[in-house]
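What follows is a short report on a single structure.
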Amino acid sequence: LAFVQIIVHLVYFLHMNSSSGQRWNVMAFSYTVLTAAILIIGTLWVMHNVSMNMMSR
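If you read the sequence shown in this note's numbering, its first letter stands for residue 46, the second for the next number, and so on.
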């Protein structure tokens, strides 16, 4: 349900579509999402490795 709400906001309120006028906005949004995903995945990966290395065996 949250994914549908995100799509509705992007299309109807931010007017993001595939027209040539919106191409830069879509590219900027894609870059932002990619950067945030890399940051979140990298953080989770580092925390997992720290947790595995700090466990007493």
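The C-beta atom is built at its ideal place from N, Cα and C for all residues, glycine as well.
Distance, residue j Cα to residue i Cα
| i | j | result |
| --- | --- | --- |
| Met100 | Met92 | 12 angstroms |
| Thr77 | Val95 | 27 angstroms |
| Ala47 | Thr88 | 23 angstroms |
| Ile104 | Trp90 | Here the chain covers residues 46 to 102 and nothing more, so residue 104 does not appear. |
| Ile81 | Met97 | Before going on, a small fix: residue 81 reads as Ala here, not Ile. Those two C-alpha atoms are separated by around 24 angstroms. |
Of the residues the options, the one placed nearest residue i, counting alpha carbons only
| i | options | result |
| --- | --- | --- |
| Phe74 | Trp90, Val56, Gly87 | Val56 |
Beta-carbon separation (whole angstroms), residue i vs residue j, contact threshold 8 angstroms
| i | j | result |
| --- | --- | --- |
| Gln67 | His60 | 7 angstroms |
Test item: CB-CB of residue i and residue j under 9 angstroms
| i | j | result |
| --- | --- | --- |
| Val71 | Ser63 | yes |
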